[in-house]
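Here is the structure we will look at, set down as structure tokens.
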Amino acid sequence: MNVKWAYTTVNTWRECNRKYYFASVLANHNRKNLVRRKAYELRAMQNLTMWKGSVVDKFLEVVIIPMITAQKELDFQCLSEQAVAFARKQFRFSENKLYDNPELKKGDIESEYCILDIHETGQPYTEQDLLVCYDDIRKAILNIPLVVLPDGRHLMNLLKEANWLKPNVEDRLVYVGNAIVKPQMDLLVSDNWKPVIIDWKLSDSMVSDYARQLQISGLTIYKKRLDTPGKPPYLFEDIGLLEVNLLKGIAKHHDFNQEIYNNTIDYISLTSRDIALMTGEDIDIEDFELTNNQVSCKNCNFRLLCGYLIKNNNIYDEGSYLKSVPDRQLV
Ligand code: SF4
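Numbering (this note's numbering), first residue to last: 67 to 397.
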């Protein structure tokens with residue numbers, strides 16, 4: 067049986083089987099089934115740190131990259147203020163819980179759609195936390211023209227001189243055994259007709275390593291090319307993997323070669339077997355074990371839903387669930 071495979075799915079599975087169930091089995095956007103809809107909303111929910119990164123990703127996708135493609139003049143000072151206005155609009159969307167409104171379809175309001183944990187599950191925050199987010203968004207946009215790539219070129223030169231740019235790539239699908247692999251790539255650049263995959267980051271952590279995520283994208287581009295009739299295969303070194311940290315204003319190159327390709331194939335094959343065991347028609351929430359790791363639970367988007375279902379024999383009632391959630395009692 068084929069299984070949908072993604073790096074985040076594997077990580078979620080390893081962290082907690084029940085969390086995997088909520089995110090990958092139960093979650094569904096259809097409003098007819100209330101518990102499935104709630105799992106879908108909780109999966110999409112972000113904390114402020116994740117959110118500021120997603121705002122910058124989206125702003126690059128819908129504003130900056132199209133301007134570069136159209137060869138428009140870029141005033142980064144002005145764009146940084148536009149990005150903050152864009153963020154404020156998303157914030158209001160979440161604050162007013164407009165995602166509860168069945169009239170609003172996510173596809174029609176993609177740029178505005180936003181669910182923040184401070185509104186959905188009542189996570190505490192201060193005005194200062196929010197101001198820091200807006201400052202970081204501003205700083206990330208202002209840093210774009212300052213980023214120098216490991217090969218000495220400015221990021222902006224790569225983008226302006228590219229054969230083409232494609233932001234938010236989600237349509238490159240390949241099979242690795244029974245695993246369907248379709249990673250999301252922030253930006254795909256054709257640099258002298260060779261692919262460069264860019265991952266935008268806003269993390270200020272010094273220890274984060276995003277190599278694996280980019281290598282999976284590299285593998286997808288490499289394999290996809292093998293399936294393209296009439297085109298010669300890429301050499302591994304033709305595929306550029308770049309992690310661009312816009313908060314720090316630095317770019318990091320990640321290697322891609324035969325050994326990394328083989329290791330990535332092995333990793334996908336191995337982990338997809340675990341997922342295949344827990345995919346099917348007749349699986350039930352009780353088949354999925356809970357983690358004992360309190361840190362995972364503390365940071366889990368499904369924490370309140372998980373606790374509610376445990377207390378209520380896995381039976382969901384929207385009214386009583388919302389009453390149990392801080393800030394939701396008045397809904
Ligand atoms: S709250 Fe804990 S046990 Fe429940 S789904 Fe999340 S991580 Fe798993």
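Even glycine gets a Cβ: it sits at the ideal position worked out from N, Cα and C.
Next item on the list: Could you pull out every unbroken beta strand (DSSP E) segment of at least 3 residues lying fully inside the region 158–241, listed in chain order?
Entry: Complete beta strand (DSSP E) runs here, min 3: 230–235.
Notebook entry, point to check: If you run the structure through DSSP and keep just helix, strand and coil, what is Gly243?
Noted result: In this structure, Gly243 counts as coil in the three-state DSSP scheme.
Next item on the list: Can you give me the Cβ contacts of Lys70 inside the same chain, cut-off strictly under 6 Å, excluding the 5 residues immediately before and after it?
Entry: So the qualifying residues of the chain are Ile246.
Next item on the list: Using 6 Å as the cut-off, classify the Cβ of Phe368 as near or not near the heavy atoms of the ligand SF4, replying yes or no.
Entry: It does: the Cβ of Phe368 is within 6 Å (strictly closer) of some heavy atom of the ligand SF4.
Notebook entry, point to check: Thinking C-alpha only, which one of Lys364, Glu352, Ser390 is nearest Phe88?
Noted result: The residue with the shortest Cα to Cα distance from Phe88 is Glu352.
Item checked: Minimum length 3: unbroken beta strand (DSSP E) runs contained in the region 286–332 -> Contiguous beta strand (DSSP E) elements confined to the region 286–332 occur at 306–311, 316–320, taking only those with 3 or more residues.
Next item on the list: Below 8 Å on the Cβ atoms is my guess for Ile349 versus Val91; work out the distance and round it to an integer in Å.
Entry: Yes, they are in contact, since the Cβ atoms of Ile349 and Val91 sit about 7 Å apart, within 8 Å.
Notebook entry, point to check: Sorry if obvious, but does the Cβ on Ser390 come closer than 6 Å to a heavy atom of the ligand SF4?
Noted result: Within 6 Å of the C-beta of Ser390 there is not a single heavy atom belonging to the ligand SF4.
Check: When we look at the beta-carbon of Asn167 and count the other beta-carbons within 10 Å, is it buried (16 or more) or exposed?
Finding: It counts as exposed.
Next item on the list: Quick one: residues in its chain with C-beta nearer than 6 Å to the C-beta of Ile184, no 5 flanking neighbours on either side, listed in chain order?
Entry: Here the set comprises Tyr191.
Check: Would the region 75–89 and the region 359–371 be scored as touching if the rule is three or more Cβ pairs under 8 Å?
Finding: Contact holds: three or more Cβ-Cβ distances are below 8 Å.
Notebook entry, point to check: Nearest CA to the CA of Leu100: which residue from Pro392, Ser390, Asp383?
Noted result: When each option's Cα is compared against that of Leu100, the closest is Asp383.
Check: Under the three-state reduction of DSSP, which class applies to Val129: helix, strand or coil?
Finding: Reduced to three states, the DSSP call for Val129 is helix.
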